[in-house]
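**Student:** Residue numbers (the numbering used here): 1 to 185. For glycine and all other residues, C-beta sits at the position ideal for the given N, C-alpha and C. This is the structure, below, for whatever I ask next.
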Amino acid sequence: MERTGTERTSTDRSKVEVRRSARRSRTVSAYREGDRTVVLIPARMSHAEEQRWVAQMLDKLAAQESRRALGDEALHSRARELSQLYLGGRAVPEQVRWVTNQNSRWGSCTPSERTIRLSHRLQGMPEYVIDYVLLHELAHLLVPDHGPRFWALLDAYPRTERARGYLEGVASAARLPHIPPARAT
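Written as structure tokens, this is what we have:
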């Protein structure tokens with residue numbers, strides 16, 4: 001039996017949904033789902049334990065996200081590292097930055113200006129996914145099209161297929177109709 005409840009916390013402005021499960025005996029986990037945080041706990045847990053675990057899991061998620069959220073300078077630095085590791089240092093961007101106006105692409109590159117822009121939608125995604133998108137755009141500094149030479153450059157990155165699959169899954173999920181969560185009974 002699973003009970004779902006939604007509440008707001010003062011430590012985090014997002015909505016928190018606590019899901020209790022009789023099948024869950026010890027473990028507690030949490031993840032972000034849109035603008036809310038879902039915390040999964042055992043059904044037998046007291047209200048005080050629930051509150052403690054929710055606070056702990058919100059702190060843990062916030063710490064993970066802050067480690068992932070690179071600023072523009074750190075993003076530029078990471079691009080230089082990736083160029084060295086996988087492209088022999090040949091792709092040298094002039095500027096690398098996050099942008100909020102790319103909602104249909106993950107990144108873009110202007111080879112003539114040597115600039116790379118990554119969509120803010122990537123922030124909070126796994127590091128290997130951001131690295132893949134950065135490498136993809138870095139490769140465009142060397143090969144402007146998506147021909148065989150371009151893909152051969154990306155073959156050097158061991159997580160290319162995994163990152164592409166992740167991004168395809170995110171894109172597919174975004175096209176699904178929004179179904180409101182079930183109400184607590």
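Since A156 is in the beta strand (DSSP E), which residue starts that stretch and which ends it?
**Tutor:** For this step, residue 156 is matched to residue 156 along the sequence shown. Element bounds for A156: n/a, residue is neither H nor E.
**Student:** Cα separation between Q102 and R36?
**Tutor:** For the purposes of this step, residue 102 is taken as the residue at position 102 of the sequence shown. For the purposes of this step, residue 36 is taken as the residue at position 36 of the sequence shown. Q102 and R36: Cα-Cα distance of roughly 23 Å.
**Student:** What does the alpha-carbon distance come out to for the pair M45 and R32?
**Tutor:** The residue given as residue 45 occupies position 45 in the sequence shown. The residue given as residue 32 occupies position 32 in the sequence shown. So the alpha carbons of these two residues sit roughly 21 Å apart.
**Student:** Does the Cβ of H140 have 16 or more other Cβ atoms within 10 Å, making it buried, or fewer, making it exposed?
**Tutor:** Indexing the sequence shown from 1 puts residue 140 at position 140. Under this definition H140 is a buried residue.
**Student:** For V28, which residues of its own chain have a beta-carbon under 6 Å away from its beta-carbon, when the five flanking residues on both sides are left out?
**Tutor:** As a first step, residue 28 is located in the sequence shown; it is residue number 28 there, counting from the start. Within the same chain, V28 has close Cβ partners I41 and W53.
**Student:** Relative to the alpha-carbon of E127, which residue among P148, R164 and L153 has its alpha-carbon at the smallest distance?
**Tutor:** The count along the sequence shown starts at 1 and reaches residue 127 at position 127. Measuring from the Cα of E127, the nearest candidate turns out to be R164.
**Student:** Three or more beta-carbon pairs under 8 Å between the stretch 164-176 and the stretch 108-120, yes or no?
**Tutor:** No contact exists between the stretch 164-176 and the stretch 108-120.
**Student:** Between which two residues does the beta strand (DSSP E) carrying Q95 extend?
**Tutor:** If you number the sequence shown from 1, residue 95 lands on position 95. Unbroken beta strand (DSSP E) run through Q95: Q95 to V99.
**Student:** Helix, strand or coil: which one does DSSP assign to S108?
**Tutor:** In the sequence shown, counting from the first residue as 1, residue 108 sits at position 108. Strand at S108.
**Student:** Is the CB-CB distance between H120 and W98 below 7 Å?
**Tutor:** For the purposes of this step, residue 120 is taken as the residue at position 120 of the sequence shown. For the purposes of this step, residue 98 is taken as the residue at position 98 of the sequence shown. Their beta carbons are under 7 Å apart, which means H120 touches W98 by this criterion.
**Student:** Apart from the five residues on each side of it in sequence, which residues of its chain come closer than 6 Å, Cβ to Cβ, to M1?
**Tutor:** Working through the sequence shown from its first residue, we reach residue 1 at position 1. Here the model assigns M1 a pLDDT of 35, short of 50, so the residue's position is not dependable, and the following value carries that caveat. The answer, listed in chain order, is A22.
**Student:** With a threshold of 16 other CB atoms inside 10 Å of the CB of A174, please say whether the residue is buried or exposed.
**Tutor:** The residue you call residue 174 lines up with position 174 of the sequence shown. Per the 10 Å Cβ criterion, exposed.
**Student:** Measuring alpha carbon to alpha carbon, tell me which of E161, D72 and D59 ends up nearest H136.
**Tutor:** As a working mapping, residue 136 is identified with position 136 in the sequence shown. Comparing Cα positions, the closest option is E161.
**Student:** Using a Cβ-Cβ cutoff of less than 6 Å, which residues in the same chain neighbour M57 once the five nearest sequence positions on both sides are dropped?
**Tutor:** Taking the first residue of the sequence shown as 1, we reach residue 57 at position 57. Cβ within range, chain order: A30 and V39.
**Student:** Enumerate, from N- to C-terminal direction, the unbroken beta strand (DSSP E) stretches of 3 or more residues contained entirely within the stretch 16-80.
**Tutor:** Whole beta strand (DSSP E) segments, 3+ residues: 29-33 and 36-42.
**Student:** Pick out the complete alpha helix (DSSP H) segments inside the stretch 117-144, 4 residues or longer, and give them in chain order.
**Tutor:** Here the runs fully enclosed are 127-142.
**Student:** In chain order, what residues of the same chain have a beta carbon less than 8 Å from the beta carbon of P177, not counting five sequence neighbours either side?
**Tutor:** What you label residue 177 is simply residue 177 of the sequence shown in a count that begins at 1. Nothing listed; no residue qualifies.
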